[in-house]
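Heads up: the structure comes next, in structure tokens.
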Amino acid sequence: MSAATWTIVGYLGAVTLLGAWLSRRNRSSADWATGSGGMGIWMIAAGIAGTRIGGAGSYGVAGDVMSTGLWNVWYGITTFLALALVGLFFAVPYRRLGLTTIGELFLRRYGRSRSAVLTSLCVQTEYLVVNVIEPLLIGVILSGVTGMPLWLGIVIGATVIITATASSGLKGTALTNIIHCAVIVGGLGLVGWVGMQDMGGWAAVTARADAALAAAGVDQASWWSLVGLGWFPIIAMFFSATIHTPAASVYVNYAASARRERILVPSFLLAGLIAAAMPFLAAIIGVEALARYGADAGIAGYHSVTRIALDSGAVVGGIALAAVLAALISSGGPILLASATMFVNDWIPGSSDFSPRRKLRAYRLTAIVYGVIAALIAMVFGYFIGTASVLEWLLLGFAMVVPPAIAIGYIFYVRWTTEQAVFWGIASGYGLGLLSWIVNKLVFESDMDAPAYFTTLVPLVVIPVVSLLTRSSEPDPLGPSFHRRLRTPG
Numbered sequence: 012m013s014a015a016t017w018t019i020v021g022y023l024g025a026v027t028l029l030g031a032w033l034s035r036r037n038r039s040s041a042d043w044a045t046g047s048g049g050m051g052i053w054m055i056a057a058g059i060a061g062t063r064i065g066g067a068g069s070y071g072v073a074g075d076v077m078s079t080g081l082w083n084v085w086y087g088i089t090t091f092l093a094l095a096l097v098g099l100f101f102a103v104p105y106r107r108l109g110l111t112t113i114g115e116l117f118l119r120r121y122g123r124s125r126s127a128v129l130t131s132l133c134v135q136t137e138y139l140v141v142n143v144i145e146p147l148l149i150g151v152i153l154s155g156v157t158g159m160p161l162w163l164g165i166v167i168g169a170t171v172i173i174t175a176t177a178s179s180g181l182k183g184t185a186l187t188n189i190i191h192c193a194v195i196v197g198g199l200g201l202v203g204w205v206g207m208q209d210m211g212g213w214a215a216v217t218a219r220a221d222a223a224l225a226a227a228g229v230d231q232a233s234w235w236s237l238v239g240l241g242w243f244p245i246i247a248m249f250f251s252a253t254i255h256t257p258a259a260s261v262y263v264n265y266a267a268s269a270r271r272e273r274i275l276v277p278s279f280l281l282a283g284l285i286a287a288a289m290p291f292l293a294a295i296i297g298v299e300a301l302a303r304y305g306a307d308a309g310i311a312g313y314h315s316v317t318r319i320a321l322d323s324g325a326v327v328g329g330i331a332l333a334a335v336l337a338a339l340i341s342s343g344g345p346i347l348l349a350s351a352t353m354f355v356n357d358w359i360p361g362s363s364d365f366s367p368r369r370k371l372r373a374y375r376l377t378a379i380v381y382g383v384i385a386a387l388i389a390m391v392f393g394y395f396i397g398t399a400s401v402l403e404w405l406l407l408g409f410a411m412v413v414p415p416a417i418a419i420g421y422i423f424y425v426r427w428t429t430e431q432a433v434f435w436g437i438a439s440g441y442g443l444g445l446l447s448w449i450v451n452k453l454v455f456e457s458d459m460d461a462p463a464y465f466t467t468l469v470p471l472v473v474i475p476v477v478s479l480l481t482r483s484s485e486p487d488p489l490g491p492s493f494h495r496r497l498r499t500p501g
């Protein structure tokens, strides 16, 4: 095997073994889901940053830069804004409410489960996309480096993610994410620098990129512009990638994991800075891949990103690809964990009465089953829908989570928000967003980001209007105690 292959195999093996070793620390469901509230600022920041880097922030941005232009660096900006939004306005309330999943918030506020179940559906839509993307891109990397079949690479990727998650829990994934984040930034920064020097510096890279764009018939000025596709997709990216984040259940887990309440805000801000660096590095590599190999889209573009890493030298290429694997695992692990905790707590009847050990077993079994199903979908995606953009799919998943995020904002900061308004705001936003995407694809055959506008603007209007129509003069039995907990330091 080549040096690059040995580096990748060694990294995957080390992560798997570390996850298995960390499993000894998990003796209850609280250990697995929240680290029993004993984590410090660096572990929380690395864990959170890893959730936002993943395949979309690395291969997704690099591949989409090759095909649609430099405007994709906005993903880095929206990533920082997203984590800052949660840290400043939502993380502390989540901790004070003692939540394990985001759906529990609606039960605490209104005593009814329908909004909780609907929110869980919205969030699971995004998480299914993430749980499919990560093993798929690991398969693409392993296939490109070793020549193994794509399906086998997906199986290996899924096995690593499932093993690391099911065994190590939140604290284990956060600890390994410290390693992952260092490898990601250092490895991709190195390959970007080496690749640029090999081509004669940045001026030579841009000249070759211009030639590749001209050969492909692409407008160069538009491709290089940060608003090359107009403001419509940029605003849509902000709506989906930033506004959805408060409803992403994994951040409830991290809010509960903090050793002290006061470290939550700096932890999220630090995580935003770390995670935002990745898309900018990926964009540089995307420009270099375009300069060397021409404009490609979808899976073809992701293979080009793998090639530029390997062409930078066996050792450097191995480090770079290990960095991308780190990005995929760092996102896949916590997201799979949050998917399992949501499924058990929100969808399994009687789970609130489980003993800590029984719930731990349920979490682990659910993570394994969920991961296997996601891997099977990844195989179908890779072989039959391989030209699709990973970043496009992720932004669609993000958009589906915007309605409950807006609802949570109303619940926290507009006291007269009613349960009926929350339910219909989430339902209408999710339903119309999904319908607009289907119509867009099947009728107009367009890649426009219309779903994000529906999932954002519809609940923004529906929730206050329905609240005004359904306000009751009767005393609110749960409202005062709910808001009192929000004001009480944890």
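Just so you know, we're using this note's numbering here: the sequence shown kicks off at 12 and counts up by one.
All residues carry an ideal CB built from backbone N, CA and C; glycine is no exception.
These numbers were taken from a predicted model, which means no experiment stands behind them.
- Burial state of R271 is exposed, judged by a 10 Å Cβ sphere holding fewer than 16 other Cβ atoms.
- Contiguous alpha helix (DSSP H) elements confined to the segment 43-90 occur at 52-66 and 72-79, taking only those with 4 or more residues.
- Under the 8 Å Cβ criterion, the segment 328-337 does not count as touching the segment 244-256, having fewer than three qualifying pairs.
- In this structure A67 is in contact with L402, their Cβ atoms being roughly 5 Å apart against a cut-off of 8 Å.
- A269 has M50 as its beta-bridge partners, per DSSP.
- In chain order, S439, G440 and L443 place their CB closer than 6 Å to the CB of V469, counting only its own chain and leaving out the 5 sequence neighbours on each side.
- Your pair T62 and L181 does not check out as a contact, with CB atoms roughly 11 Å apart and the cut at 8 Å.
- For D75, same chain residues with a beta-carbon under 7 Å away, outside a window of 5 residues either side, are N83, S400 and L402 in chain order.
- Exclusion of the five residues before and after W404 leaves V140 as the residues of its chain whose Cβ lies within less than 6 Å of its Cβ.
- A distance of 7 Å or more separates the beta carbons of F434 and R120.
- By the 16-neighbour rule on beta-carbons within 10 angstroms, V156 is buried.
- Secondary structure at T499: coil, using DSSP grouped into helix, strand and coil.
- Residue range R125 to T157 is occupied by the alpha helix (DSSP H) that includes I152.
- Exclusion of the five residues before and after F423 leaves F100, F101, P104 and L497 as the residues of its chain whose Cβ lies within less than 8 Å of its Cβ.
- Close CB contacts of S251 within its chain, under the 6 Å cut and outside five residues either way in sequence, are with L406, F409, A410 and A463 (chain order).
- Check the Cα spacing between G109 and each of A266, Q431 and G344: the tightest is with A266.
- Taking 7 Å as the cut-off, the Cβ atoms of S342 and I172 do not count as close.
- The segment 226-246 makes no contact with the segment 320-330; the number of CB pairs closer than 8 Å stays below 3.
- DSSP places S323 in the coil class of the three-state scheme, outside both helix and strand.
- Contact check for A286 and T90: beta-carbon distance about 5 Å, within the 8 Å limit, so the pair qualifies.
- Take the alpha-carbon of A378 and the one of P488: they are about 36 Å apart.
- A check of alpha carbon separations from A41 across I474, L387 and P367 identifies P367 as the nearest.
- Sequence-distant partners of I419 (beyond 5 residues in either direction) whose C-beta falls short of 8 Å from its own C-beta, in its chain, are F101, I113, L116, P257 and A258.
- Inter-residue distance for F395 and T481 is about 47 Å (C-alpha atoms, whole angstroms).
- Between the alpha carbons of L347 and A282 lies a distance of about 19 Å.
- Membership of T256 in any alpha helix (DSSP H) is not indicated, and neither H nor E is assigned to it by DSSP.
- Classified as buried, P414 has 16 or more neighbouring CB atoms from the shown chains inside 10 Å of its CB.
- Residue ranges of uninterrupted alpha helix (DSSP H) with 4 or more members, entirely inside the segment 386-435 and ordered along the chain, are 401-410 and 413-424.
- The criterion of a C-beta distance shorter than 7 Å is satisfied by S350 and Y381.
- Residue environment for W85: buried (at least 16 other C-beta atoms within 10 angstroms of its C-beta).
- If you ignore the 5 residues before and after W162, its C-beta comes within less than 6 Å of the C-beta of M390, all in its own chain and listed in chain order.
- I52 is positioned such that its CB atom lies closer than 7 Å to that of S278.
- For the pair S236 and Q135, the Cα-to-Cα distance works out to about 34 Å.
- Counting every other CB atom within 10 Å of its CB across the protein chains shown gives S178 a total of 16 or more, marking it as buried.
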